[in-house]
Amino acid sequence: MATTAENVLKPDFGAKRKHFIFTDEHEQLRESIRAFAKKELAPHAEEWEQTTFPDSVFHRMGELGFLGLDKPEQYGGQGGDYYSSLVLAEEIVHAQSGGLAMGVAVHTDMAMPPILAFGTEEQKQEWVVPAIKGEKILCLGITEPDAGSDVSGVKTRAVKDGDEYVINGSKTYITNGHRADVIVLVTKTDPDAGYDGFTLFLVPMDAPGVIREKKLEKLGMHASDTALLAFQDVRVPDTAVLGQVGKGFYHIMWELQGERLIGAAGCVAGAQNCMERTLQYAKERTAFGRQIGKFQVIRHKFAEMATKIET
């Protein structure tokens with residue numbers, strides 16, 4: 208039989224595909240999160256992008272167990288593997304709000320992991336347990352007006368004073384900064400010790416001297432509150448140290464590896480979501496008497512997009 212345009216196998220871009228790292232259980236989880244995002248989050252996305260999404264989103268996700276998918280059961284988590292958190296990062300994009308996805312990711316996969324990895328049992332009970340329930344909200348304080356990805360440039364100081372530390376400095380572009388109950392704060396405790404001069408602290412956001420100076424305006428992700436914070440003579444006890452004194456740089460560099468992977472998963476999922484929505488439009492829009500998705504040049508575009516997303 209001669210090959211013609213009519214008998215060439217057409218790819219089904221909407222077909223479900225399972226990546227080799229995901230199991231059937233992961234796919235069931237994926238369907239649950241996607242259904243939740245589409246039903247309970249997406250209808251409000253446009254409104255939330257004009258202001259911010261409410262704290263009740265954390266509460267609801269906590270009720271459903273979505274905030275502790277890969278967290279230990281002893282702290283209220285689901286005890287799943289790391290790939291479970293990747294599924295959440297991918298599927299939360301169906302909320303149609305990048306800002307919401309960012310706020311959730313900072314809570315679950317940027318601020319919570321260092322507490323679990325380096326925190327004391329008391330710190331985990333105080334912050335991780337309610338965070339998994341959505342009763343407490345977390346944020347991570349690295350970026351400053353003059354330092355960001357270069358963590359070694361952090362200038363916020365924490366000076367030992369008896370059995371306390373006194374913290375002074377500022378942080379900017381802090382996701383969840385206006386709503387958070389606690390911040391995982393990167394500070395410099397010894398300016399002469401190089402990479403061994405940094406320490407992490409768990410600082411309650413209602414501590415005297417913590418100032419939520421400003422909610423920053425951004426080009427996008429408006430649903431995510433992004434704060435400029437100041438710390439003026441904030442006193443915290445020795446027990447607020449997260450991990451080891453002088454090892455904060457190494458602790459946070461460990462955290463950044465997982466953060467970047469979660470961010471990448473969200474970006475890929477966002478691209479996939481954009482392609483799916485564009486494909487749907489191409490099936491509905493007509494020009495010159497036919498769906499534009501049937502034009503060869505448009506199909507080439509979709510093939511290129513699908514290839515780039517996959518690779």
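My numbering applies: residue 208 is where the sequence shown begins, and numbers increase by one.
C-beta: ideal position from N, C-alpha, C; glycine also.
Can you list, in chain order, the residues of its chain with a C-beta nearer than 6 Å to that of residue i? Leave out the 5 residues immediately preceding and following it.
i, result
"Leu463", "none"
"Ala447", "Phe408, Leu409"
"Val215", "Any reading at Val215 needs caution, since the residue's pLDDT is 46, under 50, leaving its predicted position unreliable; the model's value is listed next. For Val215, where only same-chain residues beyond five positions count, there are no Cβ hits under 6 Å."
"Gln479", "Ile516"
"Leu392", "Gly348, Phe408, Val410"
Quick test of your reading: residue i and residue j, contact by CB under 8 Å. State the CB separation rounded to the nearest angstrom.
i, j, result
"Gly384", "Ala338", "Going by Cβ atoms, the distance from Gly384 to Ala338 rounds to 16 Å, so no, they are not a contact pair."
"Ile374", "Thr394", "6 Å"
"Gly376", "Arg364", "6 Å"
"Asp440", "Gly416", "5 Å"
"Glu256", "Ala476", "Not confirmed; about 18 Å, so no contact."
"Ser359", "Phe456", "7 Å"
"Lys331", "Ile344", "So it is not a contact: roughly 16 Å between Cβ atoms."
"Val452", "Thr518", "Contact flag wrong, Cβ pair sits at about 44 Å."
"Met482", "Gly305", "Not really, about 16 Å apart at Cβ, beyond 8 Å."
Three-state secondary structure (DSSP) at residue i?
i, result
"Ala212", "Confidence at Ala212 is low in this model, with a pLDDT of 47, below 50, so its placement is unreliable and the value that follows should be read with caution. Coil at Ala212, not helix or strand."
"Arg241", "helix"
"Ile390", "strand"
"Asp316", "helix"
"Ala354", "strand"
"Gln303", "coil"
"Gly500", "helix"
"Gln257", "helix"
"Ala513", "helix"
"Arg506", "helix"
"Gln285", "coil"
In the DSSP output, which residue or residues are listed as bridge partners for residue i?
i, result
"Asn375", "Arg364"
"Val448", "Phe408"
"Lys422", "Ala434"
"Thr382", "Thr433"
"Lys395", "Arg364, Phe405"
"Thr230", "The partner list for Thr230 (beta bridge, DSSP) is empty, contrary to what the question assumes."
"Ala494", "Arg497"
"Gly348", "Leu392"
If you drop the 5 nearest sequence neighbours on each side, which residues of the same chain put their C-beta closer than 8 Å to that of residue i?
i, result
"Asp316", "Ser292, Ala296, Gly465, Glu466, Ile469"
"Thr327", "Thr446"
"Lys247", "The question names Lys, yet the displayed sequence has Glu at residue 247. Counting only Cβ-Cβ distances below 8 Å, and skipping sequence neighbours, we find Arg267."
"Leu436", "Gly348, Ser377, Lys378, Thr379, Ile381, Gly384, Ile390, Val417, Ile418, Arg419, Glu420"
"Leu307", "Leu248, Ala252, Trp255, Phe260, Val264, Ile299, Ala430, Ser431"
"Pro352", "Ser377, Thr379"
"Arg241", "Glu298, His301"
Given this structure, state the Cα-to-Cα distance separating residue i from residue j, to the nearest angstrom.
i, j, result
"Asp277", "Gly341", "15 Å"
"Phe509", "His226", "20 Å"
"Arg506", "Gln498", "11 Å"
"Val313", "Trp334", "14 Å"
"Tyr402", "Ser239", "43 Å"
"Glu511", "Val504", "11 Å"
"Asp368", "Thr396", "12 Å"
"Cys346", "Phe495", "52 Å"
"Ala387", "Trp461", "22 Å"
"Arg419", "Val361", "19 Å"
"Leu426", "Ile299", "21 Å"
"Asp370", "Met412", "20 Å"
"Tyr290", "Phe229", "7 Å"
"Met309", "Phe273", "15 Å"
"Asp231", "Pro398", "50 Å"
"Gly450", "Pro279", "19 Å"
"Ala212", "Gly500", "With a pLDDT of 47 at Ala212, under the threshold of 50, the modelled position of that residue is not reliable, and no figure is offered here."
Between residue i and the rest of its own chain, which residues show a CB-CB distance below 7 Å, the 5 nearest in sequence each way excluded?
i, result
"Lys245", "His301"
"Gln303", "Ala249, Ala252"
"Phe220", "Residue confidence is low: Phe220 scores 47 on pLDDT, short of 50, so the model does not pin down where it sits. Its coordinate-derived value is still stated next. Contacts found: Leu486, Phe509, Ala513."
"Pro320", "Glu462, Gly465"
"Arg237", "Val294, Glu298"
At a threshold of 8 Å, does residue i count as lining the ligand SAH (C-beta to nearest heavy atom)?
i, result
"Lys245", "This structure lacks the ligand SAH, and indeed carries no ligand of any kind."
Under 9 Å between C-beta atoms, does residue i make it to chain B?
i, result
"Lys343", "Of the protein chains in this structure there is only one, and it is not chain B."
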